[in-house]
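Numbering (full-length UniProt numbering), first residue to last: 1 to 439.
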């Protein structure tokens with residue numbers, strides 16, 4: 001048995017060497033998009049790896065055709081940049097070729113989007129969501145002289161997950177002292193468990209470099225957040241699973257409002273549930289996205305029972321819901337300084353606004369932050385409030401994206417209306433007072 005597995009593995013390696021990945025990028029085949037074709041020897045998870053590369057480059061996938069029957073993977077993507085234009089940046093095109101082409105062999109995809117470095121320690125947090133949780137987590141880390149380099153936080157169905165990269169404030173490097181690491185874990189577990197009413201809390205310090213967003217999906221999937229999914233029926237994604245008896249596939253169809261990273265989220269979920277995508281058709285050229293997957297379990301069987309079918313539907317719905325964005329979008333760009341984020345979010349709070357989602361980053365001494373805000377009671381954000389905030393922060397520093405009328409109240413009071421309470425970036429402190437985490 002062991003010899004047979006070894007021979008199969010060696011054959012697969014030989015097949016890949018004889019048939020290296022091939023990438024063709026065509027800016028002439030389509031009027032509105034750049035066409036990227038990837039041909040490669042097939043292996044488990046290859047579709048997710050390719051989608052992850054394109055998504056991390058902030059490219060919008062408008063169409064995709066996937067086929068991976070037999071030993072060969074063939075995929076065609078129509079992509080645009082964030083503005084809906086063809087991709088012409090030579091640096092990006094060169095990166096795609098190097099990342100997906102013959103020199104890559106998809107060996108380093110696992111760490112795409114994560115800088116593998118000794119400069120930080122990764123901390124994974126899982127617990128029950130409650131008001132001010134992130135603020136308390138941040139306070140613990142700050143008191144222990146741990147600096148949060150970057151962090152991503154999701155909340156869904158009363159649960160909260162976070163992946164944080166922190167370093168030792170005194171050394172600027174990863175935390176090396178084992179006693180300090182133990183204290184970090186102990187105190188963070190105490191904070192996470194403080195608001196627990198029914199489920200446990202978990203803190204893990206790791207050197208793993210798994211893609212952050214995939215890791216968050218994995219953490220919430222393992223926590224079974226999909227079991228408590230609650231939707232406004234008007235916004236509920238249409239997910240269906242049927243059996244195609246002629247080919248012994250299960251066919252998964254998804255129809256919902258399109259948004260960035262939707263394809264990554266659904267492919268990530270199917271992959272982590274141990275399903276193989278043999279064929280797929282993706283269409284997201286309009287406001288609605290349509291996805292069709294022909295899948296089998298890794299053991300070669302289609303979806304076997306109604307219980308399994310319902311679980312696939314629930315898990316895909318949860319994966320889609322975790323990133324839903326609500327609220328008025330505000331963008332802030334200014335010189336970074338200690339306490340900037342604390343000041344900005346304090347102004348939001350003083351004007352009775354709640355942050356439903358935030359993307360916080362500092363690049364080259366500049367703070368480039370995006371906030372989605374709502375009224376604290378779920379009401380619309382009025383123009384007088386926005387005018388007051390812009391006068392306090394600076395009209396040229398804070399920009400409003402979209403229409404104030406786009407900020408609509410939620411259909412019902414969400415059980416996860418409290419996004420964690422605060423976020424540090426370097427030494428800056430963000431104090432959210434919050435409703436629900438959306439990415």
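Yeah, the Cβ is synthetic: ideal placement off N, Cα and C, and Gly gets one too.
Checklist entry - Which class does residue 245 belong to by DSSP, given the choice of helix, strand or coil? => result coil
Checklist entry - For the 8 Å Cβ check, are there 3 or more pairs between the segment 169-176 and the segment 238-257? => result no
Checklist entry - Which residues in the same chain as residue 206 place their Cβ atom closer than 7 Å to its Cβ, once the five residues preceding and following it in sequence are excluded? => result The beta carbon of residue 206 sits closer than 7 Å to those of 122 and 124, all from its chain and outside the five residues before and after it, given in chain order.
Item to check | Beta-bridge pairing of residue 401 - partner residues as DSSP gives them | outcome: 329
Item to check | Local conformation of residue 20 per DSSP, three classes | outcome: coil
Checklist entry - Does DSSP put residue 396 in a helix, in a strand, or in coil? => result Per DSSP, reduced to three states, the secondary structure at residue 396 is coil, with no helix or strand assignment.
Next on the checklist: Considering only their Cβ atoms, is the gap separating residue 225 from residue 157 smaller than 9 Å?
Outcome noted: Between residue 157 and residue 225, the C-beta spacing is below 9 Å.
Checklist entry - Looking at C-alpha atoms only, which residue of 256, 364 and 299 is the closest neighbour of residue 320? => result 256
Checklist entry - Since residue 277 contacts residue 68 with CB under 8 Å, what's their CB separation in whole angstroms? => result 7 Å
Item to check | residue 222 - containing beta strand (DSSP E), residue span | outcome: It is not in any beta strand (DSSP E) - residue 222 instead sits in the alpha helix (DSSP H) that spans 212-222.
Checklist entry - Which value, in whole angstroms, describes the spacing of the CA atoms of residue 49 and residue 385? => result 44 Å
Checklist entry - Can you give the beta carbon distance from residue 45 to residue 396, rounded, assuming they're within the 8 Å contact cut? => result At roughly 45 Å, the Cβ-Cβ gap does not stay under 8 Å, so residue 45 and residue 396 are not in contact.
Next on the checklist: On a Cα-Cα basis, can you pick out the residue from 94, 222, 161 and 120 that is closest to residue 181?
Outcome noted: Nearest option by C-alpha distance: 120.
Checklist entry - Between which two residues does the alpha helix (DSSP H) harbouring residue 311 extend? => result 306-321
Next on the checklist: Extract the residue ranges of the beta strand (DSSP E) inside the UniProt domain "ACT" (122-209), only unbroken runs of 3 or more that lie entirely within it.
Outcome noted: Residue ranges of uninterrupted beta strand (DSSP E) with 3 or more members, entirely inside the UniProt domain "ACT" (122-209) and ordered along the chain, are 146-156, 159-168 and 202-206.
Checklist entry - Which residue's Cα is closest to the Cα of residue 168: 155, 183, 281 and 144? => result 144
Item to check | Integer-rounded CB distance, given that residue 302 should sit under 8 Å from residue 250 | outcome: 4 Å
Checklist entry - Cα-Cα, which of 218, 193, 383 and 366 is closest to residue 373? => result 383
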